[in-house]
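Asks:
Residue numbers (the UniProt record's numbering), protein chains in the order written: chain A, 1 to 219; chain B, 1 to 174.
1) Residue 9 of chain B CB to nearest chain A CB: under 8 Å?
2) Would you say residue 75 of chain B reaches chain A, if we count a Cβ-Cβ gap shorter than 8 Å as a contact?
3) Using CA coordinates, which residue listed in B:31, B:27, B:43, B:45 is at the minimum distance from residue 37 of chain B?
4) For residue 92 of chain B, which of B:117, B:61, B:44 has the nearest alpha-carbon?
5) If you run the structure through DSSP and keep just helix, strand and coil, what is residue 208 of chain A?
6) Please look up how many angstroms separate the CB atoms of residue 113 of chain B and residue 74 of chain B, rounded, as I've assumed it's under 8 Å.
7) Below 8 Å on the Cβ atoms is my guess for residue 51 of chain B versus residue 29 of chain B; work out the distance and round it to an integer in Å.
8) Give me the Cα-Cα distance between residue 71 of chain B and residue 78 of chain B, rounded to the nearest whole angstrom.
9) Apply the 10 Å Cβ neighbour rule to residue 162 of chain B and answer buried if 16 or more other Cβ atoms are within range, or exposed otherwise.
10) Put residue 27 of chain B into one of helix, strand or coil per three-state DSSP.
11) Which residue wins for smallest C-alpha separation from residue 89 of chain B, given the options B:126, B:40, B:35?
12) Label residue 82 of chain B either buried or exposed according to how many other C-beta atoms from any shown protein chain fall within 10 Å of its C-beta, with 16 as the threshold for buried.
13) Any idea what DSSP makes of residue 77 of chain B, helix, strand or coil?
14) Give me, in chain order, the residues of the same chain whose beta-carbon lies closer than 6 Å to that of residue 111 of chain B; leave out the 5 immediate sequence neighbours on both sides.
15) Less than 8 Å between the beta carbons of residue 58 of chain B and residue 109 of chain B, yes or no?
16) Which same chain residues, not among the five before or five after residue 120 of chain B, have their C-beta less than 6 Å away from its C-beta?
17) In chain order, what residues of the same chain lie with their CB nearer than 6 Å to the CB of residue 56 of chain B, ignoring the 5 residues before and after it?
18) Taking a Cβ distance cut-off of 8 Å, strictly less, list which residues of the UniProt domain "BZIP" (194-209) of chain A are near chain B, in chain order.
19) When burial is assigned at 16 or more other CB atoms within 10 Å of the CB, is residue 6 of chain B buried or exposed?
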């Protein structure tokens, strides 16, 4: 599993890796071509090496981060390797100000982690681009039923309160659709019927009045 | 157009009264305006009690006059049917309401909702009688009252329509 991940990251971080190591491998391979069938290939960076690189570069950005000093060379998370980091329990408390609502994606976890503790390193660490943070944090986004409840409580918005009381809109993501309960539909039917009866009564009275007037006219 | 009894057409017979045969004349006049069945004076015309002249030949026969609004507070929802506007007893035959005993004084029609009917009903009494004044005007029942005091069926009746002063006159097409 990690090998595939490593390959992925290897492609992205290839530019960040020190050029010297590549040239080293190249010279190595060129000088000792007979050693192994795979020596022609550039040496693949492991996840561990990438992790260490990240840690080191962040240390430059955050020299005063006392919290992690007791962990050797691990200024960000205090974990020795990436497996430990990814294996940690998902909880909001580890991050500051981020709501992990829908993300079960490793990429998002990583970007959340780095975003909260330090300004983004210039290295291409943003697996998710910046606008996505806005997306995730935006409470008004219609695709987030959870935050809509928060809006209900805080905004006291009557236009939301009635159709969505207690449950997310069944039609999904359109705040203006109204799903009437069957009870309401019955009531409107009754109301219409009553209205019709009243209307007919009024018409009958009117006709009676008219007839009176006509009957009182001289023949 | 077939002409029926105006009291039936206007549903006074039905809502207020049982069918009867008219036997005594009844003339109601507001100022100079005589009331005919189904006419529509404005409230300002009917604000004061009308002159009521009854027929009959015998001044020893006494009559009871009742004026009610069966369309209170509105014709489509007459919860206060009938609203008693006037009650006069012991009217001697061939005289007028001013000669009788006013049990309930005249209250001006003040319709706010819809077009109301205001009906005058005349009953013949068996003799002079003492009538208890009703405690309130709304939900009066002419039929019951007649039953209690043995008045029998009406001997005459007339009604008019009335709506609020600024009313627009009801439906235009019918």
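C-beta atoms are modelled at their ideal positions from N, C-alpha and C, and glycine is treated no differently.
Replies: Let me lay it out:
1) As a first step, residue 9 of chain B is located in the second chain; it is residue number 9 there, counting from the start. Yes, its Cβ sits closer than 8 Å to a Cβ of chain A.
2) Position 75 of the second chain, counting from 1, holds the residue named residue 75 of chain B. Judged by the 8 Å Cβ criterion, residue 75 of chain B is in contact with chain A.
3) In the second chain, residue 37 of chain B corresponds to position 37, counting from 1. Cα-wise, what sits closest to residue 37 of chain B is B:27.
4) As a first step, residue 92 of chain B must be located in the second chain, where it is residue number 92. Nearest C-alpha to residue 92 of chain B: B:61.
5) Mapped onto the first chain, residue 208 of chain A falls at position 208. Here residue 208 of chain A sits in helix by DSSP.
6) Locating residue 113 of chain B in the second chain gives position 113, counting from the first residue. Locating residue 74 of chain B in the second chain gives position 74, counting from the first residue. With a Cβ gap of about 4 Å, residue 113 of chain B and residue 74 of chain B count as contacting.
7) As a working note, residue 51 of chain B is residue 51 in the second chain. As a working note, residue 29 of chain B is residue 29 in the second chain. At roughly 5 Å, the Cβ-Cβ gap stays under 8 Å, so residue 51 of chain B and residue 29 of chain B are in contact.
8) Position 71 of the second chain, counting from 1, holds the residue named residue 71 of chain B. Position 78 of the second chain, counting from 1, holds the residue named residue 78 of chain B. The straight-line gap from Cα to Cα measures roughly 5 Å.
9) Within the second chain, the letter at position 162 stands for residue 162 of chain B. Classification for residue 162 of chain B: buried.
10) What you label residue 27 of chain B is simply residue 27 of the second chain in a count that begins at 1. Of the three classes helix, strand and coil, the one that applies to residue 27 of chain B here is strand, per DSSP.
11) Locating residue 89 of chain B in the second chain gives position 89, counting from the first residue. Measuring from the Cα of residue 89 of chain B, the nearest candidate turns out to be B:126.
12) What you label residue 82 of chain B is simply residue 82 of the second chain in a count that begins at 1. With 16 or more Cβ atoms within 10 Å of its Cβ, residue 82 of chain B is classed as buried.
13) Along the second chain, one-based indexing puts residue 77 of chain B at 77. Three-state DSSP puts residue 77 of chain B in a strand.
14) Numbered from 1 along the second chain, position 111 holds the residue referred to as residue 111 of chain B. These residues qualify, in order along the chain: 162, 163, 164.
15) On the second chain, position 58 is the one that residue 58 of chain B refers to. On the second chain, position 109 is the one that residue 109 of chain B refers to. Contact: no.
16) Position 120 of the second chain holds residue 120 of chain B. The residues are 28, 67, 158.
17) Counted from its first residue, the second chain places residue 56 of chain B at position 56. Excluding sequence neighbours, residue 56 of chain B sits near 24, 93, 94.
18) 198, 201, 202, 203, 205, 206, 207, 208, 209
19) Translated into positions along the second chain, residue 6 of chain B becomes position 6. Buried, because 16 or more other Cβ atoms sit within 10 Å of the Cβ of residue 6 of chain B.
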